[in-house]
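Chemist: Mapping of the sequence shown onto mature numbering (1 follows the signal peptide of the UniProt record, and there is no 0): residues -20 to -1, 1 to 409, in sequence order. Sharing a structure here in C-alpha cells format.
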Amino acid sequence: MCKFSSILALALSLFLTACGGDGDVSSAASQPSFEVAAFVAPQSDFLEPTGFAGQTPPFPQFKDQTIRQIAHLSTGGTAIKIKFSNQFGVEPLTLDRVHIARNLGNGNIDPSTDKPLTFSGRDAVTIPAGADVYSDEIPYQTERLSDISVSMYMKSATIRTGRRFSTTTTYLGSGDLTSSATIPNSAKLTSLYYMSQVIVSREKKLNVVVAFGDSITEGGGSTADAYNSWPDQLSKIASSDFDVSVVNAGLGGNRWVKNALGPCGLCRLDRDVLSVPGVTHVIMALGVNDIGLGYYYSNAFKDSSQLVTAGQIIDAIQEAVDRAKAKGLKVYLGTITPFKGTYYYTSGQSNEIPYGSSVPYNGEQVRQDVNAFIRANKTIDGVIDFDKTMQDPTDPQKALAIWTFDGTLHPNDVGYAHMAEAVDVNILR
C-alpha cells in the first residue's frame, strides 16, 4: 500500500511538472481573489428641496421601461457584481431584470458580451426602502478604462434614488430591452439611477483611490460621455504607468456641514469612502458649497442656520481626516478653488447680507481661512493645491476663464486636465 502511494505521488508530481504546475495542488485549484471598486456613483434624494427651479426628475416613475446606464471602469477584473440602492425610497424598489454588456456607445451594446445579473439566483430583486443590495458575483472579464452598459427593466419603479448630475447619458426605452443591441427611440437622461458601485474581483491587489468632493470632482461642465472629470483624467494618467483604481465619489452641490442635493460630506463619508471595497487612499476636495450655497440658501430658504463659518468647515474636514486615518487610509486634501463671479460669491460687500443678519458675509475670507488650514495641516499625507492650479494670475480670487465651462466655477475639459496633472501620481502607488 505504501509502495502504491509512493508511485501515485511520483506520477502526480511528474504530471504537474509536465503541465507547468508547481506541485502545489491547493494553489493550482484556487487562486486568491481581491474585490475592489472599479466605479462609484454617490446617491442622493431626487425629491430633496434644492432651492433651484427644475431640479426634480422629469417624471415620477419608470413604468414598463428599460434604462441603460454606463459605468466607466477604472480597473478591470475576472468577475463582477453591482451594488444597487433604494436608500432614499419610501417604498420597495423592484428591479425585474438586469443585464450587463460591453458598451458600444449611443445606447448600443455588443450582444455577444451580454450577461444577466442575478440576486440569490433569481432574475428579479425587491430592495426594501432605505436599503441596498448586491447582485450575485458572476465571471465576467473587464479591462481598465473600459465601459460596461447596465440595462435595468422595471415594470414599475418610483424615481427617488440616484446620481442627479451624471456626466454619462442614460438611455430610456419602452418594454424589456435588457438584452437588446439597441434602445429604439430612446429618451436621453442626464441622471444615473439606483446603481451605486461596480465591484470587480482580481487576482492581484491594487490601490483604490476615492476622489471625494462636489460637482468639481463629479465633473460638472465636462463633455458628456467623454470621461474628462479630474478623477477620470487622473485615472488615465496613472493607469498608463501602474495598476490603480481611481473612483469618483463627487456629488454635485455637496457640502461638508449641511445636506444639499444629497447627504453632507460627513454624513456620507462611511458610505462613499470608508466602506468602498479595497479603498487605500482618499483625496478630499469639498468646501466651496459650504461657503456659497450656505449664503444662497440662507436667503432662499430664509434659514440663517444654513450659513457656516470657517471654523465649522475646518472642524468637519479634520473630523473626516481623523476618521479616514483611523481606517488606515492615506489622506490628501485639495484646496478650495476660486469662485469669484459666481451667483453665490461674497466678499463682505454692504449688499451681501445673509438672512437673519445685519452683517455682510465674506465668503472669500472664509475660503482663504480654510485653505490656510489645509495647507498647514500636519495630520494628512499631503496637499493638492487646486486653488493655485485654477487661479487667474491677474485675479487670484477668480478661476482662469479659459479653463472653465461657465467662466467662473466649473472647469472645462482642459481645466480638469490641469487639476489631474496637479496630483503627483506617485502618491497613488
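Even glycine gets a Cβ: it sits at the ideal position worked out from N, Cα and C.
So, under 8 Å CB-CB, Ser54 and Arg124 are touching, yes? Tell me the CB distance rounded to an integer number of Å.
Modeler: For the purposes of this step, residue 54 is identified with residue 74 of the sequence shown, where counting begins at 1. For the purposes of this step, residue 124 is identified with residue 144 of the sequence shown, where counting begins at 1. The pair is a contact, with the Cβ atoms about 6 Å apart (cut-off 8 Å).
Chemist: Whole angstroms is fine: what's the gap from Asp295's alpha carbon to Val237's?
Modeler: Position 315 of the sequence shown, counting from 1, holds the residue named residue 295. Position 257 of the sequence shown, counting from 1, holds the residue named residue 237. Distance between the alpha carbons of Asp295 and Val237 is about 9 Å.
Chemist: Evaluate the contact criterion for the segment 307 to 325 versus the segment 358 to 374: three or more CB pairs, one atom per stretch, below 8 Å.
Modeler: Output reads yes: the segment 358 to 374 touches the segment 307 to 325.
Chemist: At which residue ranges does the segment 197 to 234 contain complete beta strand (DSSP E) runs of 3 or more residues, listed in the order of the chain?
Modeler: Segments of the beta strand (DSSP E) lying fully in the segment 197 to 234: 224 to 230.
Chemist: Express the C-alpha separation of Asn165 and Ile103 in angstroms, rounding to a whole number.
Modeler: Taking the first residue of the sequence shown as 1, we reach residue 103 at position 123. Taking the first residue of the sequence shown as 1, we reach residue 165 at position 185. In the sequence on display, residue 103 carries Asp and not Ile. Approximately 26 Å between the Cα atoms of the pair.
Chemist: Alpha carbon to alpha carbon, what distance is there between Gly56 and Asp156?
Modeler: Residue mapping note: residue 156 aligns to position 176 of the sequence shown, counting from 1. Residue mapping note: residue 56 aligns to position 76 of the sequence shown, counting from 1. Going by the C-alpha atoms only, they are around 28 Å apart.
Chemist: Could you have a look at Asp270 and say whether DSSP puts it in helix, strand or coil?
Modeler: The residue given as residue 270 occupies position 290 in the sequence shown. Helix.
Chemist: Measuring straight from C-alpha to C-alpha, what distance separates Ala402 and Asp365?
Modeler: In the sequence shown, residue 402 corresponds to position 422, counting from 1. In the sequence shown, residue 365 corresponds to position 385, counting from 1. Answer to the nearest angstrom: the Cα atoms are 7 Å apart.
Chemist: Would the beta-carbon of Lys61 fall within 9 Å of that of Ile118?
Modeler: Translated into the one-based positions of the sequence shown, residue 61 becomes position 81. Translated into the one-based positions of the sequence shown, residue 118 becomes position 138. Result yes, Cβ atoms of Lys61 and Ile118 sit closer than 9 Å.
Chemist: Please classify Tyr151: is it buried, with 16 or more other beta-carbons within 10 angstroms of its beta-carbon, or exposed?
Modeler: Reading the sequence shown from its first residue, position 171 is the one you call residue 151. Burial call: buried.
Chemist: Nearest-angstrom Cα distance between Val405 and Ala206?
Modeler: Counting from 1 along the sequence shown, the entry for residue 405 is found at position 425. Counting from 1 along the sequence shown, the entry for residue 206 is found at position 226. Approximately 21 Å, taken between the alpha carbons.
Chemist: Per DSSP, which residues does residue 414 bridge with? Please list them.
Modeler: Outside the modelled stretch of the chain, which goes from -20 to 409, sits residue 414, for which no answer is possible.
Chemist: Between the Cα of Ala167 and those of Leu73, Val178, Asn86, spot the shortest distance and give me the residue it belongs to.
Modeler: Taking the sequence shown and counting its residues from 1, the one referred to as residue 167 is at position 187. The shortest Cα separation from Ala167 among Leu73, Val178, Asn86 belongs to Asn86.
Chemist: Measuring only the C-alpha atoms, how far is Arg248 from Lys307?
Modeler: The residue you call residue 248 lines up with position 268 of the sequence shown. The residue you call residue 307 lines up with position 327 of the sequence shown. Approximately 15 Å, taken between the alpha carbons.
Chemist: Across which residues does DSSP place Ala99 in a beta bridge pair?
Modeler: Translated into positions along the sequence shown, residue 99 becomes position 119. As written in the sequence, residue 99 is Phe, which differs from the Ala given in the question. DSSP lists Arg102 as partners of Phe99.
Chemist: With distance defined between alpha-carbon atoms, name the residue in Tyr341, Phe192, Pro40, Leu214 nearest to Thr326.
Modeler: Position 346 of the sequence shown, counted from the start, is the residue given in the question as residue 326. Nearest C-alpha to Thr326: Tyr341.
Chemist: Assuming Ala296 is part of the alpha helix (DSSP H), what are its boundary residues?
Modeler: As a first step, residue 296 is located in the sequence shown; it is residue number 316 there, counting from the start. Element bounds for Ala296: 290 to 306.
Chemist: Go to Asp367, then tell me how far its alpha helix (DSSP H) extends in each direction, as first and last residue.
Modeler: Sequence index remark: in the sequence shown, residue 367 carries index 387 (1-based). Here the alpha helix (DSSP H) through Asp367 covers 366 to 370.
Chemist: Roughly how many angstroms separate the alpha carbons of Ser160 and Thr384, rounded to a whole number?
Modeler: Reading the sequence shown from its first residue, position 180 is the one you call residue 160. Reading the sequence shown from its first residue, position 404 is the one you call residue 384. Answer to the nearest angstrom: the Cα atoms are 38 Å apart.
Chemist: Cα-Cα, which of Thr148, Val20, Asp44 is closest to Ser154?
Modeler: By 1-based counting over the sequence shown, the position of residue 154 is 174. The residue with the shortest Cα to Cα distance from Ser154 is Asp44.
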